[in-house]
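Take a look at the structure below.
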Amino acid sequence: MKKSIPITIILGLFIGAIQLTAAEKWEGSDDFSSAIRSKGLWTTDNKPAGYMYVDGGRLLCFYRRWDDDFWWYWGKKNPVWIPTSDDWTIESEVFLPNSASSDVERVKVGLAVGALEGKKYRSLYLKLYRYFSGGTPTGGVTVSYDSNYRPDKDDLSTQDLGEGPTSWILSISHSALNQTDTYRVLNGTTREQLFETSFASPLNIKPLAGVGILVSGKKSWPTGRTDLAADNWSIRRDSPDPLDLPAITKDGTTIQGSAWTLEITGLRMSQGKFSGSARISFGSQNIDLPLTGSIRTDGLFLLSGKGSKATAGYAFTMLYDVRSLSWVSGSGRLSAPKQKQIVF
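Heads up: take any position in the sequence shown, counting from 1, add 114, and you land on the working numbering.
Shown next as structure tokens:
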């Protein structure tokens, strides 16, 4: 039996439709066991109120001559905005049919992450397609994905997955700590991974993003069929392993006449703020400083540490590119008592 927990901040009057494993208000899930509850969890993207069709424990396709894509956004009246400075995964089980009526050209299901840019959209998406002719598949299942987050621009890539199962698992994972986004497709029955691709995350250009789900059949899809559908949607906060960064130094510079190194270990992030340990070593001395920092819109980490009391006068700041595991040369400043600041 699925356990449900009331989250009034997100759901208002509806109780029991969200599963949570942590305290973040944007986390949750929908098993589509109740049409009434599901309608209270999703934004209709200005489509007719009756467009969302939940039956038999699944979100079904209900295409009727509107646009090609109908995204449902997580959130009752507006999208629930997810911080891009955090780590999270959206996931859903989806279903694609092996047959269709003669007027169906294609079916697709998918997940998306997006944000508004004026009147335009930025979006990343992961979709599965299947095409038909006369009710018969013209080939296997195709995965389609986009890593271009510029407004109203796509950078489309596709890969043939063959015949495959009828049940699939789609997921999009965003790691702000590692500055990567990852798409995955799994066999819905065996959980065998069938597809995975990762790329440098573009999401930090905006502090928040909405997430959504798509079920679509074109030209039309008959009401009541449950083999083109989605189920068991979830969004959860992830906790990646902390990072130990490669030691930093600069030839030709010294502290108290000795070569120095700066080491950062246990780098973690929560709600866009960094924590961890920083150590400046020179000669026989080790100076430990508390670490703080944040993520810039270009994905670079602004990291700093400042001593107090016994370590007063020691401090550093720098820009760090976690994707290349290196600092931005010339951005670093290292201070020590009674000497000139070091630029590295």
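Just so it is clear, CB atoms sit at the ideal spot from N, CA and C, and this is done for glycine as well.
Please read all numbers here as calculations on a predicted model, not as lab measurements.
* My guess is that aspartate 201 and tryptophan 347 are in contact by the Cβ rule of under 8 Å, so how many angstroms apart are they, rounded? -> That belief does not hold up - the Cβ atoms of aspartate 201 and tryptophan 347 are roughly 19 Å apart, past 8 Å.
* Answer with buried or exposed for lysine 68, where buried requires no fewer than 16 other C-beta atoms within 10 angstroms of its C-beta. => Past the boundaries of the shown model lies residue 68; the chain is included only from 115 to 458, so the question cannot be answered.
* With distances taken Cα to Cα, identify the nearest neighbour of serine 440 among Ile409, Gly397 and Ala361. => Looking at the Cα atoms, Ala361 is the closest of the given residues.
* Asked: Given 8 Å as the limit, is there contact between the segment 219–239 and the segment 420–437, that is, 3 or more CB pairs closer than that?
  -> no
* Asked: So, using beta-carbon positions, are glutamate 141 and arginine 350 closer together than 9 Å?
  -> yes
* **Cβ separation of glycine 276 and tyrosine 187, assumed to be a contact under 8 Å, to the nearest whole Å** => Actually they do not touch by this definition, with Cβ atoms about 31 Å apart.
* Taking all protein chains shown into account, do 16 or more other C-beta atoms lie within 10 angstroms of the C-beta of proline 193, making it buried, or fewer, making it exposed? -> buried
* Please confirm if the segment 244–251 is in contact with the segment 364–381, defined as three or more CB-CB distances below 8 Å between the two stretches. => Contact fails: fewer than three Cβ-Cβ distances are below 8 Å.
* Evaluate glycine 332 with the Cβ neighbour count: other Cβ atoms within 10 Å of its Cβ, from every protein chain shown; 16 or more gives buried, anything less gives exposed. => For the record, residue 332 in the displayed sequence is lysine; it is not glycine. Lysine 332 is buried by the Cβ-count criterion.
* Rounded separation between lysine 153 and leucine 284 - CA only -> 22 Å
* threonine 337 versus alanine 149: straight-line alpha-carbon distance, rounded -> 15 Å
* May I ask you to report which of helix, strand or coil DSSP gives serine 152? => helix
* Asked: What's the gap between the Cα of glycine 189 and the Cα of leucine 155?
  -> 5 Å
* alanine 444 to lysine 454 span [Cα, whole Å] -> A small fix is needed here, since residue 444 is glycine in this sequence, not alanine. For glycine 444 and lysine 454, the distance between alpha carbons rounds to 16 Å.
* Asked: Hey, how far is the Cα of glutamine 293 from the Cα of arginine 151?
  -> 35 Å
* Asked: For the beta strand (DSSP E) that phenylalanine 146 lies in, which residues bound it at each end?
  -> Premise fails: phenylalanine 146 is in no beta strand (DSSP E) and is neither H nor E.
* **Terminal residues of the beta strand (DSSP E) in which leucine 381 lies** => 374–384
* To do: Answer with buried or exposed for glycine 164, where buried requires no fewer than 16 other C-beta atoms within 10 angstroms of its C-beta.
  => Low confidence applies to glycine 164: its pLDDT is 49, below 50, so where it sits in the model is not reliable enough to give any reading.
* **For threonine 256, the residue or residues it bridges with in DSSP** => Tyr243 and Asp274
* Of all the CB atoms in chain C, is at least one closer than 9 Å to the CB of valine 299? -> Looking for chain C here will not work: only one protein chain is present.
* Leaving out the 5 sequence neighbours to the left and right, which residues in its chain are closer than 6 Å to glycine 427 when beta-carbon positions are compared? -> Pro451
* How long is the line joining the alpha carbons of glycine 446 and valine 457, rounded to whole angstroms? -> 6 Å
* Candidates Thr203, Asp358, Val218 and Gly228: which alpha carbon is nearest tryptophan 185's? -> Gly228
* **Complete runs of the beta strand (DSSP E) confined to the segment 406–433 [at least 3 residues]** => 415–420
* Element boundaries [beta strand (DSSP E), containing aspartate 200] -> No beta strand (DSSP E) holds aspartate 200; DSSP gives it neither H nor E.
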